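Numbers 1179 to 1346, taken from the numbering used here, label the letters of the sequence shown in order. Every residue, glycine too, gets a C-beta built ideally from N, C-alpha and C. All of these numbers come straight from a predicted model, not from anything done at the bench. Right, one structure below, let's go through it.
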Amino acid sequence: MKFKEIEFENRNCTRIYRDYLKRVRNTVKILNEQNQQEILLEINSHLFEGFSDNPNGRDEVEHLLDILEKLGQPEEFLKPLIANKKLEEATRTFNPLEIVKALTLNISNGISYIIFAILYLFLFGFLFLIIAKLIDRITWDSFIVQRTSLYSGNIIIQMVSVIFNMSA
């Protein structure tokens, strides 16, 4: 759907409306074009619905200012929405830089994003281990064999001997 500006009779109303949309555009410019358009359409629909519900035929400028006041400052009320949209974009592209940007935007949204960041770091750790195993197979195989034999039975013997040596 294509964005279409609302037309007003009062020129001051048009100026206020365009200024507000300019602030919205500046706030959402970090997002891709599709998400920017989606947010602009959503805000424009709120403005249109609020403006079409004009009781008592109030002054256009006064009514628009009341609607904008109810919506709030776009720099404030769009922060969580932008952070979530940015995280969706980043996980879709799987670009590490985009994910880091999205996580920095979302860090204020709570513990779930911190957990997501930790899991993302683990993912890269496991990818590194897989690639390292493929590149240097002999070293990794001997490392695993040594650790496996240590855990398979020798560790119990070592623990028992440590316990008895401590008590003596």
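Count the other CB atoms within 10 Å of the CB of residue i; is the residue buried (16 or more) or exposed (fewer)?
i	result
ILE1313	exposed
LEU1256	buried
LYS1264	buried
GLN1212	exposed
LEU1307	exposed
Does DSSP put residue i in a helix, in a strand, or in coil?
i	result
LEU1353	With the chain running from 1179 to 1346 in the structure shown, residue 1353 is simply not present.
ASN1210	coil
SER1345	With a pLDDT of 48 at SER1345, under the threshold of 50, the modelled position of that residue is not reliable, and the figure given next carries that caveat. SER1345 falls in the helix class under three-state DSSP.
PHE1304	helix
ILE1184	coil
PHE1226	helix
From which residue to which residue does the alpha helix (DSSP H) around residue i run?
i	result
ASN1190	1189-1206
What residue ranges within the region 1229-1270 form continuous beta strand (DSSP E) runs of no fewer than 3 residues, ordered along the chain? Listed in chain order, nothing qualifies, since the region 1229-1270 has no complete beta strand (DSSP E) run of 3 or more residues.
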